[in-house]
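Notes to accompany the following structure.
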Amino acid sequence: SQTIHQWPATLVQPVGSPLSLECTVEGTSNPNLYWYRQAAGRGLQLLFYSVGIGQISSEVPQNLSASRPQDRQFILSSKKLLLSDSGFYLCAWNVEGASTNEKLFFGSGTQLSVL
Amino acid sequence: QKEVEQDPGPLSVPEGAIVSLNCTYSNSAFQYFMWYRQYSRKGPELLMYTYSSGNKEDGRFTAQVDKSSKYISLFIRDSQPSDSATYLCASPGGSYIPTFGRGTSLIVHP
C-alpha cells in the first residue's frame, strides 16, 4: 500500500531563517507531488506541483521554492522566511489515470510558525 | 467567483442529528467529486468519491451530486462527536489537480 511521510510535524522558525520541509511517498512510482499551504480559517492554496523528477510548476510566486531530487521525494524550501510564511503545509500525491481518477492523498502536515 | 464554493460555518449540531454539508461549483467540466475530512492539525483524508449524478452511500455517509444545478452534498446520519472536523469538497475539473472548496467546519456536541 502507498504511504506518504511528511516532517517535521511542528516547526518554529525566526524571521529570516531558512526552511526545508521534506515529503516522501512509498509504494508507488512516478507520482504527481504537491505542496499546499492552509492558512488559519482559509482553504487549501496550491503552491507547487511536480509530475516528475526535476519538473516543478509554481502556482503562486512567492518566497518559497520546491525541488524534486528523486522520484518520490519532494522538498519545500525558503532562503529567508517571512512572517507571512506561517501556516499549515501539506504534501500530497496522486497518480494521473483512469483507475485512480485523480484522487489526492495528503500527508499529516507541518505547522510552521514564523516569529 | 471561486470554482468551488462552501460555507465555512461553523455548523453546530447535537449528537445523533442528520448533517447536510453543501458545495456549489461553477465549472461544467467538473465530472468527479470528492469529499475530504480534515481533523484539526491533520492532513485531509479522502472520505467519499463520486462520479455521476445521484447518490453514493458508505455507512453513515451519503454523497449526492446534482449536475444540473451544480450542487454537491454530503449527508451524515446519526452524527457523532468524532465527526467534528472540517469537510472539504473538491473536483479535478479538466486536469488531475483538484480544486478545493474552503471547507465547512462541523461541530457535533454530545
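So the protein sequences, as listed, match chains A and B.
Whatever position you read off the first sequence (first residue = 1), add 182 for our numbering.
Under our numbering, the residue at position 88 of the second sequence is numbered 72, and the numbers go up by one with no gaps.
Here a beta-carbon is modelled for each residue, glycine too, at the ideal position from N, C-alpha and C.
Computed from a predicted model, the values in this text were never measured in an experiment.
| Asked | Found |
| --- | --- |
| CB of B:S4 within 8 Å of CB of B:F84, strictly | no |
| Collapsed DSSP secondary structure at A:D322 in the structure displayed | One cannot answer for residue 322 of chain A here, as it falls past the ends of chain A, which runs 183 to 297. |
| Within-8 Å CB hit, B:Y55 to chain A | no |
| Closer than 8 Å at the beta carbon, the chain B residues around A:R219 | Near A:R219 there are no residues of chain B at all, since even the closest Cβ is about 12 Å away, more than 8 Å. |
| Among A:N276, A:A248, A:S183, nearest to A:S202 - alpha-carbon criterion | A:A248 |
| Member of B:K54, B:F17, B:S36 whose CA lies at the smallest distance from the CA of B:L30 | B:F17 |
| Min CB distance B:K131 to chain A below 8 Å | Residue 131 of chain B is absent from the model: chain B starts at -15 and stops at 94. |
| Three-state secondary structure assigned by DSSP to B:P76 | coil |
| A:S211 versus A:C205 - alpha carbon distance | 15 Å |
| CB contact flag (A:L264, A:N276, <8 Å) | no |
| Coarse secondary structure for B:D67, derived from DSSP in three states | helix |
| Inter-residue Cα distance where the pair is B:L72 and A:P196 | 32 Å |
| Helix, strand or coil at A:E204 [DSSP, three-state] | strand |
| Cut-off 7 Å between Cβ atoms - residues of its own chain near B:V(-3), not counting five sequence neighbours on either side | V3, S63, V92 |
| CB contact below 8 Å: B:Y33 versus chain A | yes |
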